[in-house]
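Just so you know, the sequences run in chain order R and S. Residue numbering for the first sequence follows the working numbering, beginning at -14 and increasing consecutively. Residue numbering for the second sequence follows the working numbering, beginning at 8 and increasing consecutively. For every residue, glycine included, the Cβ atom is placed at its ideal position computed from N, Cα and C.
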Amino acid sequence: MNAPVTRRNAVLGIAVAATSLALPSILHAQSAGRIIVVGGGFGGAACARALKRTDAKLQVTLIEPNQLFTACPFSNEVIAGLRDIEVQHFGYDRLAAEDITVVAQAATRIEPQQRSVTTADGVTLGYDRLVLSPGIDFHAEALPGYDDAASEKMPHAWKAGAQTLLLRKQLEAMAEGGTVAIAIPANPSRCPPAPYERASLIAHYLKTKKPRSKVLVLDAKDNFSQQRLFEQAWKELYGDMIERISLSQGGRVTSVDPATRTIITEFGNYTPDVANVIPPQRAGRIAEIAGAADHTGWCPIDPVTFESKLVPNIHVIGDACLGGGIPKSAAAASAQAKACASAIIGLLAGRTPEAPRLTGVCYNTVAPGYGFSLAGNYQSRGDIFAEVEGGTTSPVDAPRELRAREAAEAERWFQTITADTFG
Amino acid sequence: MAALINVPAKAKRGDVIEIRTLTSHIMETGFRHTADGKLVPRDIITSFTCRYNGTEIFRADLFPAIAANPYLSFFTVAKESGKFEFEWSGDNGYSSTASASITVE
C-alpha cells in the first residue's frame, strides 16, 4: 500500500526539483516573478509596495482579510480619548492602483513544497517567493484563563480596532476612584515601550476626568525601554497615580479569572475595576501553519534576506520574526519590509543580497505635548539583529519645549510612515 | 522590601501544594570590576531553608551564577495546619526570615 505512494512522491520530488532548478533562468529571462505577501500591516503593505516599485514586472499579491487596517501606533491616544479611531484607519486602494493584486481574504493554508497559499474562500495561489508579515497572535497556553471570551471582559487592546474602543469604553464607564490594572508580558513582545506609554496616557485621562483613580502596572519585567524617561515623566506629571509592581516585586501575571475580573500574579491577586491584560505573544498563526515558527512561537530568519530558517522561499518580516535586538515596532517592520523586498529582487536575479542596516525609531507620548523617542540602528550578527552604534535616546533632563517638539515630531512620523505605507 | 511568600491559605490533607518565595538581593557575583578596575566583592545568598512546623522540608544552596532577587518554587504535601518558616543566609552575615500559615482540613 505504501510503496506506490512513496514512488509517486519520489517522482514528484524530482519533478519539483527540476522545476526549481529551471526557475531562476526563466525568471531572469522574463525579469519577473510571482510574489505573495501575507498580511497588510506596516510590514506587508510596505513590502508589497517596495517590490512593485522596484520591479514593475513582478506580479505582487497582497493577502489581507481586513478591508481597513487599524494602526497600532497612537492607538494609546484613542484609548485615552485624545484621538478618534478613524484617524488610525487605512485602506489598500493606493496599493491596488499601483497594480498590486489585493485579495481581501484570510490565508488559511500554505504548502511550501507546492509553493502555494490557499485562502479562506478556497482559492489557491502559487508563488515563487512568499513574504509573511502576519504580526502577532496571543499565546493562549501561556496565560491560563485568557481566551477570546476573556478578552471581551479584560481587553488586551494589543491589536488595534474593536479592542481599543472596548478598553476606552471601560475607562469611560469606570467610577471615580477606581483602579485600572495593566498586565505586561515579558519580552519578546510587540512594541516593548507601548505598555508604559499606555499607562501614562490612561493616567492622563484619569487625572483629567477621575483624579482619585489609580493605574496599577503588573509587570513581568524588571527593566524596560526608556525606563528613566518614563519614570521621570510619571513623577513629574502624575505624582503617585501610577504604581508599578515589577517582576522582582512579584508582578508577573500567571493566570486570570475573567468571571471575577481577577488578575493572579505569582504572589498575589488583584481585582481592578478595569483590567487591561496584555497576554504573552507569538507570531501570527499563519506563520505556524507554514511551518516557519519554532518552539519559541516566533520565526527564525536569515537576517540578510529575511528568509525563514525553517522553510525555503518563505520570508518573514515584522513582529513575527525573531529579530534579536531589533524591536517589534511599525518602524522596524517598515525598514525590514524594504530590505526584504530588495533581497528578494536580488535573489530572483541570482545576486547575493548585501547585509542591510536597519533603522528603527520609536516615539512615546506620555501626555499631550510631552513626547520622547529612541532611535536605533541594527545590523545582522549571526542569526539575529544586533543594535549598533549611532542610536540616540532623548535626554532624561530636558526642558519641556523639547518634549513638546518631540510630541509634534511623533505626529509627523505617523503621517510619514502611514503615507509611505498606504497613502 | 521584605520577602514575598506564596503559600496556599488552605489545603486538604494530602494535597500537593506549591510554595513560592522571592527575596530581594543583589547577588553580586564577585567576578565584576568597577570602571576603575577594582573588584566588586562577592555578596550573595548562599543558603535557603524551609521548615514546616519545625521540620526542614526543603533546602537549597545558592551560587554566584544565580540572578538577583532569587525566586524559588517547590512542592510539598499538606500534612497538618501550622507554619512554614523560611530563612535565607549569605555573605557578610546576611540573614533574613519570613513565615506563612496554612490551614489543613
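Same chain, Cβ closer than 6 Å to residue i, neighbours up to 5 away in sequence not counted
| i | result |
| --- | --- |
| residue 341/R | 324 |
| residue 17/S | 110 |
| residue 292/R | 300 |
| residue 191/R | 198 |
| residue 57/R | 145 |
| residue 105/S | 10, 12, 93 |
| residue 163/R | 198, 258 |
| residue 285/R | 279, 294, 307 |
Classification of residue i by the beta-carbon crowding that lies within 10 angstroms, buried from 16 upward
| i | result |
| --- | --- |
| residue 108/S | exposed |
| residue 144/R | buried |
| residue 277/R | buried |
| residue 211/R | buried |
| residue 297/R | exposed |
| residue 221/R | exposed |
| residue 213/R | exposed |
| residue 200/R | buried |
| residue 161/R | exposed |
| residue 73/R | buried |
| residue 108/R | exposed |
| residue 208/R | exposed |
| residue 266/R | buried |
| residue 233/R | buried |
| residue 250/R | buried |
| residue 61/R | buried |
| residue 254/R | exposed |
| residue 60/S | exposed |
| residue 374/R | exposed |
| residue 237/R | buried |
Residue i, DSSP secondary structure in three states
| i | result |
| --- | --- |
| residue 263/R | coil |
| residue 95/S | strand |
| residue 300/R | strand |
| residue 61/R | helix |
| residue 84/R | coil |
| residue 189/R | helix |
| residue 204/R | strand |
| residue 30/S | coil |
| residue 311/R | coil |
| residue 117/R | strand |
| residue 194/R | helix |
| residue 231/R | coil |
| residue 64/S | strand |
| residue 361/R | strand |
| residue 50/S | strand |
| residue 174/R | coil |
| residue 69/S | coil |
| residue 54/R | strand |
| residue 354/R | coil |
| residue 323/R | helix |
| residue 220/R | helix |
| residue 181/R | helix |
| residue 376/R | strand |
| residue 410/R | Since the first and last residues shown for chain R are -14 and 408, residue 410/R lies out of range. |
| residue 238/R | strand |
| residue 393/R | helix |
Same chain only: Cβ atoms within 8 Å of residue i, ignoring 5 sequence neighbours per side
| i | result |
| --- | --- |
| residue 51/S | 32, 34, 35, 36, 37, 69, 70, 71, 73, 97, 98 |
| residue 134/R | 243 |
| residue 54/R | 25, 26, 30, 74, 75, 76, 77, 407 |
Supposed close pair residue i, residue j - CB separation, criterion 8 Å
| i | j | result |
| --- | --- | --- |
| residue 269/R | residue 124/R | Going by Cβ atoms, the distance from residue 269/R to residue 124/R rounds to 12 Å, so no, they are not a contact pair. |
| residue 272/R | residue 302/R | So it is not a contact: roughly 11 Å between Cβ atoms. |
| residue 422/R | residue 359/R | Nothing about residue 422/R can be read from this structure; chain R reaches only from -14 to 408. |
| residue 326/R | residue 32/R | 5 Å |
| residue 385/R | residue 356/R | Residue 385/R to residue 356/R, Cβ: 11 Å. No contact. |
| residue 330/R | residue 46/R | About 16 Å; that fails the 8 Å criterion. |
Within chain C, the residues that residue i reaches when beta carbons sit closer than 9 Å
| i | result |
| --- | --- |
| residue 31/S | No chain C is part of this structure, whose protein chains are labelled R and S. |
Option in the options with minimal Cα separation from residue i
| i | options | result |
| --- | --- | --- |
| residue 96/R | 389/R, 63/R, 110/R | 110/R |
| residue 382/R | 105/R, 53/R, 215/R | 215/R |
| residue 49/R | 35/R, 87/R, 405/R | 87/R |
| residue 49/S | 13/S, 85/S, 41/S | 41/S |
| residue 23/S | 80/S, 100/S, 105/S, 101/S | 80/S |
| residue 376/R | 338/R, 393/R, 384/R, 311/R | 311/R |
| residue 167/R | 202/R, 94/R, 308/R | 202/R |
| residue 315/R | 68/R, 265/R, 27/R | 27/R |
| residue 369/R | 380/R, 236/R, 306/R, 385/R | 306/R |
| residue 83/R | 68/R, 93/R, 20/R, 34/R | 34/R |
| residue 196/R | 174/R, 225/R, 179/R | 225/R |
| residue 288/R | 367/R, 333/R, 21/R, 68/R | 367/R |
| residue 396/R | 137/R, 260/R, 348/R, 141/R | 348/R |
| residue 157/R | 172/R, 129/R, 188/R | 188/R |
Proximal residues to residue i (C-beta, below 7 Å), its chain only, five neighbours per side dropped
| i | result |
| --- | --- |
| residue 27/S | 13, 80 |
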